[in-house]
Structures are given as C-alpha cells and as structure tokens.
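Undergrad:
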Amino acid sequence: MKRLLGLAIPALFFATATPASAGFYDVKACYSTPGGGWIGNYSWAADVPGPYATAYTACPGEGIVTRMSGANDGSRAPYGAGARHVFTAPPGTHVARFRANVNQSSFRGWYAGLVDSSPRWIWCGNACTTWGQYWWTDVWMHTPQLMAQVTCGDFGGCPRWNLDGLMTMRDVIVTVEDTVPPGVSITGGSVTAGGWRNSNQDVHYSAWDSTGIRAVEVFVDGQLRGRHAGRCSDAAPRPCDDLTGAFALSADMFGGDGGHTVLIKAFDGAWNPSETMRDVLIDRSAPAQPIEVELVGQNGWRAQNLYKLRWRNPPQDASPIVKARYAVCPSANSAAEPEGCEYGSRNGHDLTALTDLRVPRPGDWNLSLWLEDEAGNADPERSVSVRGLRFDDTPPTLGFAVPRDSDPTRVRVLAEDTTSGIATGQIEARRRGDEAWRSLPTTLGDDGFSALLDDEALPKGEYELRARATDMAANERSTQSQKDGQPALRKLPLRISTRLAVGRPTRVRARGANGKRQYRTVLIVRPRARYGRTIPLRGRLTTPGANPLAEAEVEVWEQTKLRSAPWRRIGLIRTSLAGSFRFKALRGPSRLLRFRYPGTATIQARSTEVDLRVRAVTSLKVTDRRVVNGEEIRFSGRLKGRQTAETGKLIHLQVYTRGRWSTFATPRASRADGRWRLPYRFSATRGVVRYRFRALVPREASFPYETGVSHSVKVLVRGL
Numbered sequence: 006m007k008r009l010l011g012l013a014i015p016a017l018f019f020a021t022a023t024p025a026s027a028g029f030y031d032v033k034a035c036y037s038t039p040g041g042g043w044i045g046n047y048s049w050a051a052d053v054p055g056p057y058a059t060a061y062t063a064c065p066g067e068g069i070v071t072r073m074s075g076a077n078d079g080s081r082a083p084y085g086a087g088a089r090h091v092f093t094a095p096p097g098t099h100v101a102r103f104r105a106n107v108n109q110s111s112f113r114g115w116y117a118g119l120v121d122s123s124p125r126w127i128w129c130g131n132a133c134t135t136w137g138q139y140w141w142t143d144v145w146m147h148t149p150q151l152m153a154q155v156t157c158g159d160f161g162g163c164p165r166w167n168l169d170g171l172m173t174m175r176d177v178i179v180t181v182e183d184t185v186p187p188g189v190s191i192t193g194g195s196v197t198a199g200g201w202r203n204s205n206q207d208v209h210y211s212a213w214d215s216t217g218i219r220a221v222e223v224f225v226d227g228q229l230r231g232r233h234a235g236r237c238s239d240a241a242p243r244p245c246d247d248l249t250g251a252f253a254l255s256a257d258m259f260g261g262d263g264g265h266t267v268l269i270k271a272f273d274g275a276w277n278p279s280e281t282m283r284d285v286l287i288d289r290s291a292p293a294q295p296i297e298v299e300l301v302g303q304n305g306w307r308a309q310n311l312y313k314l315r316w317r318n319p320p321q322d323a324s325p326i327v328k329a330r331y332a333v334c335p336s337a338n339s340a341a342e343p344e345g346c347e348y349g350s351r352n353g354h355d356l357t358a359l360t361d362l363r364v365p366r367p368g369d370w371n372l373s374l375w376l377e378d379e380a381g382n383a384d385p386e387r388s389v390s391v392r393g394l395r396f397d398d399t400p401p402t403l404g405f406a407v408p409r410d411s412d413p414t415r416v417r418v419l420a421e422d423t424t425s426g427i428a429t430g431q432i433e434a435r436r437r438g439d440e441a442w443r444s445l446p447t448t449l450g451d452d453g454f455s456a457l458l459d460d461e462a463l464p465k466g467e468y469e470l471r472a473r474a475t476d477m478a479a480n481e482r483s484t485q486s487q488k489d490g491q492p493a494l495r496k497l498p499l500r501i502s503t504r505l506a507v508g509r510p511t512r513v514r515a516r517g518a519n520g521k522r523q524y525r526t527v528l529i530v531r532p533r534a535r536y537g538r539t540i541p542l543r544g545r546l547t548t549p550g551a552n553p554l555a556e557a558e559v560e561v562w563e564q565t566k567l568r569s570a571p572w573r574r575i576g577l578i579r580t581s582l583a584g585s586f587r588f589k590a591l592r593g594p595s596r597l598l599r600f601r602y603p604g605t606a607t608i609q610a611r612s613t614e615v616d617l618r619v620r621a622v623t624s625l626k627v628t629d630r631r632v633v634n635g636e637e638i639r640f641s642g643r644l645k646g647r648q649t650a651e652t653g654k655l656i657h658l659q660v661y662t663r664g665r666w667s668t669f670a671t672p673r674a675s676r677a678d679g680r681w682r683l684p685y686r687f688s689a690t691r692g693v694v695r696y697r698f699r700a701l702v703p704r705e706a707s708f709p710y711e712t713g714v715s716h717s718v719k720v721l722v723r724g725l
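If you count the sequence shown from 1, you need to add 5 to reach the working numbering.
1. Taking the continuous beta strand (DSSP E) assigned at H99, which residues delimit it?
2. Let me confirm a value: T712 is counted as buried when at least 16 other C-beta atoms fall within 10 Å, else exposed. Which label applies?
3. Taking a contact to mean a Cβ-Cβ separation below 8 Å, would you say L470 touches F405 in this structure?
4. For P292, which option in L374, E440, V722 and G305 has the closest C-alpha, if you only look at C-alpha atoms?
5. Pull the bridge partners of H716 from the DSSP assignment, please.
6. Which whole-angstrom value describes the C-beta separation of M3 and V100, a residue pair presumed to lie in contact below a C-beta threshold of 8 Å?
7. Over what stretch of residues does the beta strand (DSSP E) that includes R219 continue unbroken?
8. Check each candidate in L268, P709 and W213 and name the one with the smallest Cα separation from A570.
9. Taking the beta carbon of S727 as the centre, do at least 16 other beta carbons fall within 10 Å, making it buried, or is it exposed?
10. What did DSSP end up calling E386 once you bin it into helix, strand or coil?
11. Is the segment 172-183 close to the segment 81-100, with three or more CB pairs under 8 Å?
12. If we call anything under 8 Å between Cβ atoms a contact, is R495 one with I608?
13. Considering Cα atoms alone, identify which of W681, E67, L725 and T668 is closest to R699.
14. What is the rounded straight-line gap between the Cα of N214 and the Cα of G188?
15. Using CA coordinates, which residue listed in R665, P325 and L701 is at the minimum distance from W681?
16. Who are N352's beta bridge partners in DSSP?
17. Considering only residues of the segment 663-697, which uninterrupted beta strand (DSSP E) runs meet the minimum length of 3 residues and lie entirely inside it, listed in chain order?
18. Report yes or no: do three or more beta-carbon pairs, one from the segment 411-427 and one from the segment 325-337, lie closer than 8 Å?
19. In the structure shown, what three-state DSSP assignment does F708 receive?
20. Quick one: Cα of G345 to Cα of N338, how far?
21. Within 10 Å of its beta-carbon, does K465 have 16 or more other beta-carbons around it, so buried, or fewer, so exposed?
22. By the three-class DSSP mapping on this structure, what secondary structure does M477 have?
23. Just checking, does the segment 254-262 make contact with the segment 223-230 on the three C-beta pairs under 8 Å criterion?
24. Which complete beta strand (DSSP E) runs does the segment 101-168 hold, if anything under 3 residues is left out?
25. Can you grab the Cα-Cα spacing for the pair P164 / T59, in whole Å?
26. In angstroms with no decimal places, state the Cα-to-Cα distance between G42 and G28.
27. Return the CA-CA distance between A117 and H209, expressed in angstroms with no decimal places.
28. Taking the alpha carbon of F103 as the reference point, which residue from V416, W141 and A271 has its own alpha carbon closest?
29. Nearest CA to the CA of A472: which residue from A493, R663 and A479?
30. Can you have a look at N352 and say buried or exposed, based on whether 16 or more other CB atoms are within 10 angstroms of its CB?
31. Any contact between the segment 639-649 and the segment 597-605? By contact I mean 3 or more CB pairs, one from each, below 8 Å.
32. Does DSSP put A441 in a helix, in a strand, or in coil?
33. Could you say if the segment 362-373 and the segment 275-286 meet the contact criterion of at least three C-beta pairs nearer than 8 Å?
34. Would you mind listing the beta strand (DSSP E) stretches within the segment 190-261 that are 3+ residues and don't spill past its ends, in chain order?
35. For C64, does the three-state DSSP call read helix, strand or coil?
36. Grab the span of the beta strand (DSSP E) containing D378 for me, first residue to last.
Below is the structure:
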C-alpha cells in the first residue's frame, strides 16, 4: 500500500492584496448556482491509496468529502494512512487562492486540511474543527498543486471508531494565476498571400495556451472587426480548449486603397492577451481605360492572322498594372452581345502592347481591351473598342460565265468572296498565235466583274481569255476556264458586221460591159474645197449583203486640224429606210469629220472619217503694174481665216522665173485682221521684163488650212 508522507503541523497564511482580473481565473466545484442549479466536481481528483481513509464527491449534499474510514473492530489506522482530493493547476500556472464552505474535523492523531505541493500544511492540520458546520474559508497560496487531505499523523496509529478526521467542501472556488501569455499565429488566408489584394479577404489563425483560449479578436487598422469565443468551462482546471479558425474580412472594412494592418489578438483562460499582425496591401479600384490604343500596321483586310496592338497605361494610385484582358467579337455584335466572342489575356508588368493577337476565324472582328492591376481589379466597362481586325486567308472563287447571245461582246466573270469581298478584277484577251496578253477595261458588279471584247477595234480571230481577281485582303486567284469547265475562248467578230461609207458624192465615167461609157457616183473621203464653201456629204450604213440599217442613229464628230484640238460632237443623223443619209459640212477650216454608228449588243459599231481639206485664201495687190528699174512697189493682201499663232501667219511671196515659182520674201499677216504688206525695189532688171507674182500660204500646224495660193499679178519692169 502506498503510504503518504508525514506532514508537519500546518501554519495558516493569508495574502494581503487582491489580484487583478487579467492573469487569474476561477475554477468552481460542487457549486450552487443562482436558481437552484449545481456545478459538479470536475477539478478535484480523489486519491485513495488504502482502506483507512476515503475520498468521494456528493454534490449536492455533503460536497467533496475526504475522511477517515471507520471500523468497530478496535483496529487503528497506521501512521501516514489517509486519503485526499487533488487540484492540479495547468502547466506554467499555480493556485493562488482557495475559497469554500468547509466542514472540518481533526482529533486523536488525525490531520485534516489543505496541503501544497511542498508538501506542507497550509491550512489546518491537527486539532481543527468547525464543530460539524460549514464555515466559509478563504486561503491564499502559491502552489501548482493543492490537496484537501486527511491523514493519520500519530506514530502509534489513529483510532477508527469515531469520525475524527474529516474535510468536506462545498461551493469551492479555486483561483488560478497564469502569468504566461498565450501563443497565437496567423496560419493562412488571403492576407498571407502577399502582394496587392482586392475585394473580400480572410485570415486564418491558431491560438494555444496551457489554460486554453477564451477568445480571439481581429482588428483592421485598429478597428475591431470580429470576435470568436472559445469553448470554456468554469468547472475545469484548464477552462478552455485551444482555438483555430478564420475570419472573413469584407472589402469595406479596409477603407481606402493602400496599406492596411490586420491584427489577431488572443486571450487565454486567464484573459492574458497576445497578438500577431500582418500588413496587407488593398486596392479595390479598377484601372482606367488604356490611352491612345491603336492597331499597328495596315488598316483593312489582311491575309495573315496576326495583329499588334499598342497603348499607354493610365496612371495608378495603388497597385501596378500587370495584365491586359481582351475580347474579340464579331463586328456585327451589339455592345452587350457576347455571342461568338472569344476572351484572352496577357500578363506583364506595365504591359503596353499585344504582339501576337489572332482572331478566331476569317471575318470582320472588333476587339475590346481593358486592364487589370496586381490586386485583380478589372472592369470590362472601362474597355476601349478597336475596330478593323479583318482576316481573310482564302482567295476568291471565279470562272467565266457562258456567253449570252443577247450580249455577245460582254465577257462576264462570276466571282465570289464571302469574307472580305472582291476588290479588283481584271480580264485579259490574247489572239491565238500572239504572245502578249491585252488587258480589257473591267467593271466590277454584284456577282463578279465584266469587260467588253471590242470586236470593232480588235482584229478578227480566236481569242483566249484570262481572268484574275483579288479580294480585300489581297488574296488572288486566276482562271482561263468557264464555270462549266470549258476553256474560255471567243471568236471575233462576235456581232453582225457593218459597213459605213461616207464622202462627197462625185460622178465619174466608167466603161460599161458593152464598151459604152457610163457614169457612176463615188464617195470622195478626202474632199477639197475653197475657203467659205460648204461641202455636201452622203453616206450609207449596211450589214453584210448590202442590207440597209434603217432608222439607225449616226453620230457626227468634228476635230479641227490643230495640234491637240479636241473632238466635239456636232450632230446626230438618222438613216433612211434604205440606210442612207445626207450631211452638209458647213463653212470652216480643214477638219476631220467622224461618222460613228455606236452599234448595239448584237450589231457591230462602225466609224468612218472624212478628211475635209479647205485651201487657204489670200488676196494679192500691187501699187503699180509698170515701173522702171530702181523704183519701188508695194505688195499687199489679206489672209482669210482665224489664226492661232502669236506672231501671225507666214506668207510666201513668189515670182515665176526660169520655169518655176521661187520665194523671194516672207511677210507675216496680222493676227488681228489678216492684212499683210511688203515694199519691194527693183534693182537688177535689164531690158524690159514682165514679172509674174503670187502669194503662197503654206500649211502650218497652227493654221488649220491646206496650202493655198492667190491669183497671180504681172508687173512690167524697164531696165537699163
């Protein structure tokens, strides 16, 4: 049997000061609560090493009982025999005070009272009694372990037939002092992630102590923002459990953007505080719109699916910009329509360009760009829209259409590009045997493009056709085939040929079949006329077989024979039922008349020119027709017709000698009125000579008349 140590006679001692609430807590046992309730015994452990004493709890009732065990056989309890109730303070703490209603008795060698961990009696022991009553007892101490003990202190043994050793306690309050603060740490949550944060945050913690944790509080910038209470009981020596948990911190707890402090404060079972903190960077404001956003490179459609975008970042008050987000959407979408959109992002500190942008597929796309800061703030409503991401990597489809009988000269190419559309179309023709291709003027249409294969201007023969089309993205395709797979060939002429004969009618003689002279009318295409005369012209428009084209309109155009003179339309005539027509060329200078039948879709156009040649005219006068050698005469005249030269028209004065006309002087006619004059002195005439003179007006580019001469005049000169 385990024997208890013998104890010295106790001495009572009392503290003189009342402790502060922090660092102390009370443990209650067998305690009556207001309203008639009870707290049982969860803190005093019974220790009964032998049969001579016992320890038990009877709450409510006697209370926590430690006493000797009685016997009527006259036996005695040996020295050191006893029992006890033990209160053990948590590690690092000690019992500072004991309060209770105590019924105590210790006679005839029995000791009863309170023992500390020395062990020594600190209250009562031998020869103490409350006379069978419960007396309120208040004792101060400093011990990690407190024992309510009954033991035999007589070396000769202690009697068992009377209740001489007793220690009963009710309404027990043990005050424990704890001077060590609890441990607390921040174990996780978004506040430990580092960097800039936004929106709601959370903080995870762990708090521990030998007395447990009564409460944990969280502070943001010194303001209490949350509290967790521990699981505690006033009936246990370790009143509380350790505590772990997490606080959710809403965004509005952090106030403005910038640095903030999150503090976790823990209180142990004795309300000793301890704290730990973390600095947190908070930014809840999304970046403003990017500035000066531009699409680098050519605008419009592209055949390569690669785009580059650049911009400037707006200034930031808090966290830096670390990401660019974008959405690529069909251009037909409305601003809030997400259908068909694809989203992406690029990371980079102070990113100012996207160099590898691609659109999802061929088509016309718009891009929306917005920015995100390190805290994760991003607002699509602050995006900038960029238009013109147009991608087409497929060339057009094309083929020559089968020719139409109603419009045989029209060469049509059916071309289609469903993405970017046809930008240019070109049609070329080459006559068989030639090497060079001839480009035809081409017109774009709704279903492709077309050109006229002018069988009026092109030589007869079979022609190969070639078409080339490019779309808006510069994708190109060419073909020499029709849509039905046949080679694109055309044989000229395509329309009914025509003949247009125009000229001045002239009656000429011709020998008939029987040898008789006959007359027929021919058309002179280079008629000559004197100045101031009209020229009657006749013409006829026919198809093969001399079949007339009746009621056909023929255009009349005129070009004066001057350098760079334009063509101008001067008339429109209609053929008779016989296909013939008449036209009177009015007075005027030398000129070309063009008669043009514009043709139809099935009848070939035809043009014929008539070269009107009008001779220049000038008068010629002399002041005297008989002179003596050494005298002077004056030649004069007036040139008719409008002049264009600044210096006046040149006149050649000629004399007929030795069988030919020779020029001896070149006066100029006035540009204003055409008059000219020239004095001349005879100086080398011998004998009597009759001279014949004339004025010749030569053809010049600035004077639209053919070479003409005046009448001749004779002058008689008597020489030496």
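The beta-carbon is built from N, C-alpha and C at its ideal position, and this holds for glycine as well.
TA: Short version:
1. For the purposes of this step, residue 99 is taken as residue 94 along the sequence shown, with counting starting at 1. For H99, the uninterrupted beta strand (DSSP E) run begins and ends at T98 to S111, by DSSP.
2. Counting from one through the sequence shown, the residue named residue 712 turns up at place 707. By the neighbour-count rule (16 or more Cβ atoms within 10 Å), T712 is not buried but exposed.
3. Translated into the one-based positions of the sequence shown, residue 470 becomes position 465. Translated into the one-based positions of the sequence shown, residue 405 becomes position 400. It is a contact, given that the beta carbons lie within the stated cut-off.
4. Translated into positions along the sequence shown, residue 292 becomes position 287. Closest in alpha carbon position to P292, among L374, E440, V722 and G305, is L374.
5. Residue 716 sits at position 711 when you count from the first residue of the sequence shown. When DSSP reads this structure, H716 sits in no beta bridge, so it has no partner.
6. Shown here, the chain extends from 6 to 725; a query on residue 3 therefore has no answer.
7. By 1-based counting over the sequence shown, the position of residue 219 is 214. Run containing R219: I218 to V225, per the beta strand (DSSP E) assignment.
8. Position 565 of the sequence shown holds residue 570. With distances taken between CA atoms, A570 lies nearest to P709 out of L268, P709 and W213.
9. Because residue 727 is not part of the residues shown, which for the chain are 6 to 725, the question remains open.
10. In the sequence shown, counting from the first residue as 1, residue 386 sits at position 381. Helix at E386.
11. Taking 8 Å as the limit for Cβ pairs, the verdict is that the segment 81-100 does touch the segment 172-183.
12. Counting from one through the sequence shown, the residue named residue 495 turns up at place 490. Counting from one through the sequence shown, the residue named residue 608 turns up at place 603. The Cβ atoms of R495 and I608 lie no closer than 8 Å to each other.
13. Translated into the one-based positions of the sequence shown, residue 699 becomes position 694. The residue with the shortest Cα to Cα distance from R699 is T668.
14. Numbered from 1 along the sequence shown, position 209 holds the residue referred to as residue 214. Numbered from 1 along the sequence shown, position 183 holds the residue referred to as residue 188. The question names Asn, but residue 214 in the sequence shown is Asp. The alpha-carbon atoms of D214 and G188 are separated by roughly 6 Å.
15. Taking the first residue of the sequence shown as position 1, residue 681 is located at position 676. Checked all of R665, P325 and L701; the closest Cα to W681 is L701.
16. The sequence position of residue 352 within the sequence shown is 347, counting from 1. According to DSSP, N352 bridges with K328.
17. DSSP runs (the beta strand (DSSP E)) wholly in the segment 663-697: 665-670 and 680-686.
18. By the C-beta criterion, the segment 411-427 is judged not to be in contact with the segment 325-337, since fewer than 3 inter-stretch pairs fall below 8 Å.
19. On the sequence shown, residue 708 is found 703 positions in, with the first residue counted as 1. In the three-state DSSP reduction, F708 falls in the strand class (E or B).
20. Within the sequence shown, numbered from 1, the residue matching residue 345 stands at position 340. Within the sequence shown, numbered from 1, the residue matching residue 338 stands at position 333. In this structure, the alpha-carbon of G345 lies about 9 Å from that of N338.
21. Here residue 465 is taken as the residue at index 460 of the sequence shown, counted from 1. Under a 10 Å Cβ-count criterion, K465 is classified as exposed, with fewer than 16 other Cβ atoms of the shown protein chains found around its own Cβ.
22. As a first step, residue 477 is located in the sequence shown; it is residue number 472 there, counting from the start. Coil, per DSSP.
23. Yes, they touch.
24. Listed in chain order, the complete beta strand (DSSP E) runs (minimum 3 residues) inside the segment 101-168 are 115-120, 126-131, 140-148 and 150-157.
25. Residue mapping note: residue 164 aligns to position 159 of the sequence shown, counting from 1. Residue mapping note: residue 59 aligns to position 54 of the sequence shown, counting from 1. For P164 and T59, the distance between alpha carbons rounds to 15 Å.
26. Taking the sequence shown and counting its residues from 1, one reaches residue 42 at position 37. Taking the sequence shown and counting its residues from 1, one reaches residue 28 at position 23. Looking at the backbone, the Cα of G42 and that of G28 are separated by about 28 Å.
27. Position 112 of the sequence shown, counted from the start, is the residue given in the question as residue 117. Position 204 of the sequence shown, counted from the start, is the residue given in the question as residue 209. Cα atoms of A117 and H209: separation of roughly 51 Å, rounded to the nearest angstrom.
28. As a working note, residue 103 is residue 98 in the sequence shown. It is W141 whose Cα lies nearest to the Cα of F103.
29. Taking the first residue of the sequence shown as position 1, residue 472 is located at position 467. Per the Cα distances, A493.
30. Along the sequence shown, read from residue 1 onward, the residue named residue 352 stands at position 347. So N352 counts as exposed.
31. No, they do not touch.
32. Sequence index remark: in the sequence shown, residue 441 carries index 436 (1-based). The answer is coil: DSSP assigns A441 none of H, G, I, E or B.
33. Judged by Cβ distances under 8 Å, the segment 362-373 makes no contact with the segment 275-286, as fewer than three pairs qualify.
34. 206-213, 218-225, 228-234 and 248-254, all fully within the segment 190-261.
35. Taking the sequence shown and counting its residues from 1, one reaches residue 64 at position 59. Here DSSP, grouped into helix, strand and coil, assigns C64 to coil.
36. If you number the sequence shown from 1, residue 378 lands on position 373. Following the DSSP letters along the chain, one finds D378 inside the beta strand (DSSP E) bounded by residues G368 to D378.
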